[in-house]
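Asks: Let me give you the structure first, and then I'll get to my questions.
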Amino acid sequence: MLIRKIVFIRAQTLLKKQFNFKSMSTLPKVLITRNDIPEDAILLLQSKCDVEIYGKPSPIPRDELLKRVKGKNGIFCLITEKINQEVFEAAGSTLKVVGTMSAGYDHVDLTECKKRGILVGNTPDVLTDATAELTVALLLATSRRLFEANQQVTNGGWVKCAWGPLWMCGQSLQGSTVGIIGLGRIGFGVAERLKAFKVKNIVYSGNRAKVEAMEKLNAKFVPLDELLKQSDFVVACCALTPENKVMMNKEAFKKMKKNAIFINTSRGALVNQDDLYEALTTGVIHAAGLDVLDPEPLPVDHKLTKLPNCVLLPHIGSATIETRTTMALLTAKNILAGLEGKPLLCPL
Ligand code: DGY
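Mapping of the sequence shown onto our numbering: position 194 corresponds to residue 1415, and the numbering continues sequentially without gaps.
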């Protein structure tokens, strides 16, 4: 089945090249910004559109994007592309819809889209469970020092100390207070899962108190300062906005408990990473677990990579095959709806 799909995609591409189908086609033109997205989404778009795929499994270089977007009616993009005025100008007036295969949309200039009447769709909801799962995994990996402990097995540390009552001890979720910054879908999913770990208190901050948070989670709405002061674990799950950029800075870390652990699965730009480094190396906070960084990818020799009390992951919150396939299909459906003049499934 998979081989048939790949042969079909390749044959289409070959035909287009040989007979210059592109210029003959009256179908709407869509650019997909990389080639390693789930085939079902590619096939869906190809069934109704003239699709150009950037042929590499890596982010499209900026000049390629600007060149290829010209005359397109739709763009299928990812968080790795900045979709802004420059792109819209390169595309020209034909561009109708942008589908981003992500829940986050800080890489898309929505104000500029509105001004130009370009529709934008994203993929919320479908990645909630995968990202909440990963957040809990990162919490446990950081609090129970899983990566450090694993290294002890391979670097001879375990052989040297055999076993010790205080060796490789971490911190328990049981009986702790967890503070969630941003109790949206993912924050809620994290809180629901943490109940099973016998967390004592869940507090959250954000724009407003939520009834279901109290009813279903017994979670308390508190101001951010209070959350930072009370929590043993501070988990950032909020969307990045111009207002909360680098909100986790020196002052914020100083308000946290000395034994506190900071987790971020939202966006790297929420954090001032120099301030975090200082907080982690001077005992202001105990540890951090980050699935999102600034920049991404983080340079291999970045100072945060040197810290044993900082667990780093390469932005894999939604990385399960099922979730990524659903996200890709939803992106394709958003684009098709926009091209057909129908409401997008997930409009922004
Ligand atoms: C998103 O969708 O915004 C995630 O960060 C990437 O899957």
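The C-beta atom is built at its ideal place from N, Cα and C for all residues, glycine as well.
Where L1361 and L1367 are concerned, what is the direct C-alpha to C-alpha distance, given to the nearest angstrom?
Replies: Position 140 of the sequence shown, counted from the first residue, corresponds to residue 1361. Position 146 of the sequence shown, counted from the first residue, corresponds to residue 1367. Taking the straight line joining both Cα atoms gives about 8 Å.
Asks: On the premise that F1454 lies in contact with I1484, defined as a C-beta separation below 8 Å, what is that separation, rounded to the nearest angstrom?
Replies: On the sequence shown, residue 1484 is found 263 positions in, with the first residue counted as 1. On the sequence shown, residue 1454 is found 233 positions in, with the first residue counted as 1. With 8 Å as the limit, I1484 and F1454 qualify as a contact, their Cβ atoms being about 7 Å apart.
Asks: Tell me the rounded alpha-carbon separation between L1348 and K1421.
Replies: On the sequence shown, residue 1348 is found 127 positions in, with the first residue counted as 1. On the sequence shown, residue 1421 is found 200 positions in, with the first residue counted as 1. For L1348 and K1421, the distance between alpha carbons rounds to 27 Å.
Asks: I want to know whether the region 1372 to 1382 touches the region 1495 to 1511 - three or more CB-CB distances under 8 Å.
Replies: No, the region 1372 to 1382 does not touch the region 1495 to 1511.
Asks: Please output, in chain order, the residues near ligand 1 using a CB cut-off of less than 5 Å to any non-hydrogen atom of the ligand.
Replies: Those satisfying the condition are, in chain order, S1323, A1324, G1325 and S1539.
Asks: As a quick exercise: from L1404, F1418 and A1383, pick the residue whose alpha carbon is nearest that of L1394.
Replies: As a first step, residue 1394 is located in the sequence shown; it is residue number 173 there, counting from the start. Comparing Cα positions, the closest option is F1418.
Asks: Given a threshold of 16 other Cβ atoms within 10 Å of its Cβ, counted over all protein chains shown, does S1539 qualify as buried or as exposed?
Replies: Walking along the sequence shown from the start, residue 1539 turns up at place 318. With 16 or more Cβ atoms within 10 Å of its Cβ, S1539 is classed as buried.
Asks: Starting from the Cα of A1312, find the closest Cα among I1300, K1431, Y1326 and D1284 and give me that residue.
Replies: Stepping through the sequence shown from its first residue, residue 1312 is reached at position 91. When only C-alpha atoms are compared, the closest one is D1284.
Asks: Whole beta strand (DSSP E) runs in the region 1380 to 1409 with 3 or more residues, listed along the chain?
Replies: If we require 3 residues or more, the beta strand (DSSP E) runs fully inside the region 1380 to 1409 come out as 1398 to 1402.
Asks: Report the option in T1356, Y1326, W1379 and P1564 whose CA atom is closest to the CA atom of V1456.
Replies: Translated into positions along the sequence shown, residue 1456 becomes position 235. When each option's Cα is compared against that of V1456, the closest is T1356.
Asks: Could you tell me which residues DSSP pairs with M1469 in its beta bridges?
Replies: Indexing the sequence shown from 1 puts residue 1469 at position 248. Paired residues: V1492.
Asks: Can you check which of these residues, G1295, S1323, L1299 and H1328, is closest to G1338 by C-alpha distance?
Replies: Numbered from 1 along the sequence shown, position 117 holds the residue referred to as residue 1338. If we check each option's Cα against that of G1338, G1295 comes out closest.
Asks: For K1563, does the count of other Cβ atoms within 10 angstroms reach 16, so buried, or fall short, so exposed?
Replies: Sequence index remark: in the sequence shown, residue 1563 carries index 342 (1-based). So K1563 counts as exposed.
Asks: Which class does Y1275 belong to by DSSP, given the choice of helix, strand or coil?
Replies: In the sequence shown, counting from the first residue as 1, residue 1275 sits at position 54. Three-state result, Y1275: coil.
Asks: For T1594, report the span of its alpha helix (DSSP H) as first-last.
Replies: For the chain, the structure presents residues 1222 to 1569; residue 1594 sits outside this window and is missing.
Asks: Quickly, what does DSSP pair K1563 with across the bridge? List them, please.
Replies: In the sequence shown, counting from the first residue as 1, residue 1563 sits at position 342. DSSP lists no partner for K1563.
Asks: Take the Cβ of V1380 as the centre, count every other Cβ of all protein chains shown within 10 Å, and call the residue buried at 16 or more, exposed below.
Replies: Counting from one through the sequence shown, the residue named residue 1380 turns up at place 159. Its Cβ having fewer than 16 others within 10 Å, V1380 is exposed.
Asks: Going by DSSP, what residue range makes up the alpha helix (DSSP H) through C1334?
Replies: If you number the sequence shown from 1, residue 1334 lands on position 113. Start and end: L1331 to R1337.
Asks: Does the Cβ of K1416 have 16 or more other Cβ atoms within 10 Å, making it buried, or fewer, making it exposed?
Replies: Locating residue 1416 in the sequence shown gives position 195, counting from the first residue. That one is exposed.
Asks: Kindly indicate the opening and closing residues of the alpha helix (DSSP H) around K1450.
Replies: The count along the sequence shown starts at 1 and reaches residue 1450 at position 229. Where K1450 is concerned, the enclosing alpha helix (DSSP H) stretches over L1445 to Q1451.
Asks: Measure the C-alpha to C-alpha separation of T1254 and T1546 and round it to an integer number of angstroms.
Replies: The residue you call residue 1254 lines up with position 33 of the sequence shown. The residue you call residue 1546 lines up with position 325 of the sequence shown. Their backbone Cα atoms lie some 16 Å apart in a straight line.
Asks: L1367 lies in the alpha helix (DSSP H); which residues open and close that run?
Replies: In the sequence shown, counting from the first residue as 1, residue 1367 sits at position 146. Run containing L1367: L1367 to T1375, per the alpha helix (DSSP H) assignment.
Asks: From C1382 to W1388, what does the alpha carbon distance come to, in whole angstroms?
Replies: Residue numbering aside, residue 1382 sits at position 161 when the sequence shown is read from its first letter. Residue numbering aside, residue 1388 sits at position 167 when the sequence shown is read from its first letter. Looking at the two C-alpha atoms, the distance is approximately 8 Å.
Asks: Nearest CA to the CA of K1554: which residue from P1520, G1403, T1301 and T1344?
Replies: As a working note, residue 1554 is residue 333 in the sequence shown. Closest option to K1554, Cα to Cα, is T1344.
Asks: Under the DSSP definition of a beta bridge, which residues are partnered with Y1425?
Replies: The residue labelled residue 1425 in the question sits at position 204 within the sequence shown. For Y1425, which the question treats as bridged, DSSP gives the partners I1401 and F1442.
Asks: Considering Cα atoms alone, identify which of L1248, V1319 and A1412 is closest to K1441.
Replies: Within the sequence shown, the letter at position 220 stands for residue 1441. For K1441, the nearest C-alpha among the options comes from A1412.
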